[in-house]
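A.B. asks: Residue numbers (our numbering): 4 to 295.
A virtual CB, placed ideally from N, CA and C, is assigned to each residue, including glycine.
Keep in mind it's a predicted model, so treat the numbers as computed, not measured.
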Amino acid sequence: MLESRRRQIRYGWIIVGLNFAMFFMASGAQMAFPVSLISISKEMGWEISLLGQAMSICMLATGLSMPIIGKITDKYGPRIVSLLGYTISGVSTLLLPFVSAIWQVYLLYGVLLGFTWHSTGMVASTTLISMWFTEKKSLPLSIFQSAYPIGWFCTAPLIGNLIQYYGWRGTWLLLGIAFMLVVVISSYFIREPKKSYTKILGKDELNEKIHVRIAVKTRFFMIIGVIIMFMCGFTDIPFAQLWLPISIEWGIEEVIASYGLGYIAATAFIGTIAIGPLPKNLITRSHLQSFI
4 MLESRRRQIR YGWIIVGLNF AMFFMASGAQ MAFPVSLISI SKEMGWEISL LGQAMSICML
64 ATGLSMPIIG KITDKYGPRI VSLLGYTISG VSTLLLPFVS AIWQVYLLYG VLLGFTWHST
124 GMVASTTLIS MWFTEKKSLP LSIFQSAYPI GWFCTAPLIG NLIQYYGWRG TWLLLGIAFM
184 LVVVISSYFI REPKKSYTKI LGKDELNEKI HVRIAVKTRF FMIIGVIIMF MCGFTDIPFA
244 QLWLPISIEW GIEEVIASYG LGYIAATAFI GTIAIGPLPK NLITRSHLQS FI
């Protein structure tokens with residue numbers, strides 16, 4: 004029984020790695036758009052403000068998708084939801100270089116990618132990893148969630164360089180192919196743990212649910228779910244959307260500006276990895292309130 008538990012835990016780390024890879028590609032696709040904003044605008048003749056609306060639609064779809072993806076995950080399980088979500092994100096990335104009208108950008112990047120890239124990772128993949136690690140979840144979850152800033156850190160400068168050689172269409176095509184390869188490979192290995200594994204650990208927490216009407220009334224939900232995320236929405240979108248145009252206006256080259264986005268993501272990665280594994284008793288409510 005002990006050996007079986009060890010095998011399950013070892014495979015749990017494979018699950019973390021595969022979900023990390025898919026979330027890495029999804030966050031990379033999301034961040035590739037603001038980096039290629041100038042190139043798309045020049046070729047297609049669309050104003051930056053019109054293209055910027057695609058980013059607004061993307062984040063709106065991201066916010067609306069969270070409770071929907073959560074409900075679907077409860078009904079069908081995290082494996083099928085995560086793989087389907089990443090597949091939709093990958094297909095939308097693969098089709099984006101073939102757009103010829105602005106509404107197609109709104110549909111592929113704004114709606115399809117926006118609805119799946121973040122909610123799939125933060126809801127379905129997080130649920131799946133939690134099922135494999137019923138104890139000491141902080142480290143595997145923090146490693147998985149670091150895929151977001153790492154994807155941002157690696158993709159921003161890479162996309163900036165690739166656009167110089169292959170153009171924005173060729174770059175997005177390469178990104179879409181790589182994304183779909185990661186999803187296809189991951190689909191062969193990702194699975195949910197056997198129910199017997201939960202029984203071995205003697206945990207029933209997977210079956211414990213808190214109704215959404217109760218959750219939204221808690222102080223934790225109001226602070227984390229509303230105030231912090233609302234503030235992030237007012238800072239992340241304008242920053243990502245305007246960073247390259249402002250940098251070019253200041254005389255900074257497009258490639259150099261893309262490196263700047265990557266360096267900012269590096270700090271987010273350090274914070275994610277450093278805070279995740281900390282003991283629960285080390286971070287108190289007062290510490291969290293002071294940080295906020």
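#1: In angstroms, rounded to a whole number, what distance separates the CA positions of L53 and T137?
#2: Going by alpha carbons, who is nearest to W296 out of A29, R194, M69?
#3: With distances taken Cα to Cα, identify the nearest neighbour of I166 among I18, V19, P196, L40.
#4: State the DSSP-derived secondary structure class of E195, mapped to helix, strand or coil.
#5: Look at the alpha carbon of C61 and the alpha carbon of F23, and state the distance between them as a whole number of angstroms.
#6: Please classify E50: does DSSP put it in a helix, a strand, or coil?
#7: What did DSSP end up calling D207 once you bin it into helix, strand or coil?
#8: Identify which residue in F101, F118, T129 has its Cα closest to the Cα of L63.
#9: Would you mind working out which of I71, K74, G73, T123 sits nearest G93, comparing C-alpha positions?
#10: Does the segment 153 to 170 come within contact of the segment 82 to 92, defined as at least 3 CB pairs closer than 8 Å?
#11: Distance check for W120 and G80, CA to CA, integer angstroms please.
#12: Tell me the DSSP secondary structure of L21 in three-state form.
#13: Just curious, the alpha helix (DSSP H) that A159 is in, first and last residue?
#14: Can you give me the Cβ contacts of S68 inside the same chain, cut-off strictly under 6 Å, excluding the 5 residues immediately before and after it?
#15: Grouping DSSP H, G and I as helix and E and B as strand, with all else coil, what is K140?
#16: Taking 6 Å as the limit between beta carbons, can you name the residues of its chain near S42, skipping five residues before and five after?
#17: Please work out which residues of its chain come closer than 7 Å, Cβ to Cβ, to L21, disregarding the five sequence neighbours upstream and downstream, and give them in chain order.
#18: With burial defined as no fewer than 16 other Cβ atoms inside 10 Å of the residue's Cβ, what is the status of G75: buried or exposed?
#19: Taking the CB atoms as reference points, tell me whether F26 and A150 lie closer together than 8 Å.
#20: Spatial neighbours of R82 within its chain, please: CB distance less than 7 Å, with the 5 preceding and 5 following residues excluded, ordered by chain position.
#21: How would you label A127, buried or exposed, when you count the other beta carbons within 10 angstroms and need 16 or more for buried?
#22: Compute the beta-carbon to beta-carbon distance between L98 and A32, rounded to the nearest angstrom, for a pair I have assumed lies under 8 Å.
#23: Taking the alpha carbon of V38 as the reference point, which residue from V108, K139, W155 has its own alpha carbon closest?
#24: If you reduce the DSSP assignment to three classes, tell me which class I12 lands in.
#25: Can you tell me the Cα-Cα spacing of T201 and S145, whole angstroms?
C.D. replies: Let's see:
#1: Approximately 46 Å, taken between the alpha carbons.
#2: Because the chain is modelled from 4 through 295, residue 296 falls outside the range shown and cannot be assessed.
#3: Considering only alpha carbons, the answer is L40.
#4: Correct three-state label for E195: coil.
#5: One C-alpha to the other measures close to 21 Å.
#6: DSSP places E50 outside both helix and strand once states are collapsed to three, so it counts as coil.
#7: The pLDDT assigned to D207 is 46, lower than 50, so where the model puts this residue is not dependable, and the model offers no usable value.
#8: Considering only alpha carbons, the answer is F118.
#9: The option with the nearest alpha carbon to G93 is T123.
#10: Cβ pair count under 8 Å is below three, so no.
#11: Near 17 Å, if we compare the C-alpha coordinates of W120 and G80.
#12: Here L21 sits in helix by DSSP.
#13: Start and end: 150 to 190.
#14: F118, S122.
#15: Coil, per DSSP.
#16: Taken in chain order, the residues that qualify are I166, W171.
#17: Closer than 7 Å at the Cβ level, and outside the excluded window around L21, lie S189, F192, I193.
#18: Note that residue 75 is Ile in the sequence shown, not Gly. Burial call: buried.
#19: It is a contact, given that the beta carbons lie within the stated cut-off.
#20: For R82, where only same-chain residues beyond five positions count, the Cβ hits under 7 Å are L131, I193, R194, E195.
#21: Within 10 angstroms of the beta-carbon of A127 lie 16 or more other beta-carbons, which makes it buried.
#22: Going by Cβ atoms, the distance from L98 to A32 rounds to 12 Å, so no, they are not a contact pair.
#23: Per the Cα distances, W155.
#24: DSSP, reduced to helix, strand and coil, places I12 within a helical segment of the structure shown.
#25: Its pLDDT being 47, under 50, T201 is placed unreliably in this model, and the value from its coordinates should be taken loosely. Those two C-alpha atoms are separated by around 22 Å.
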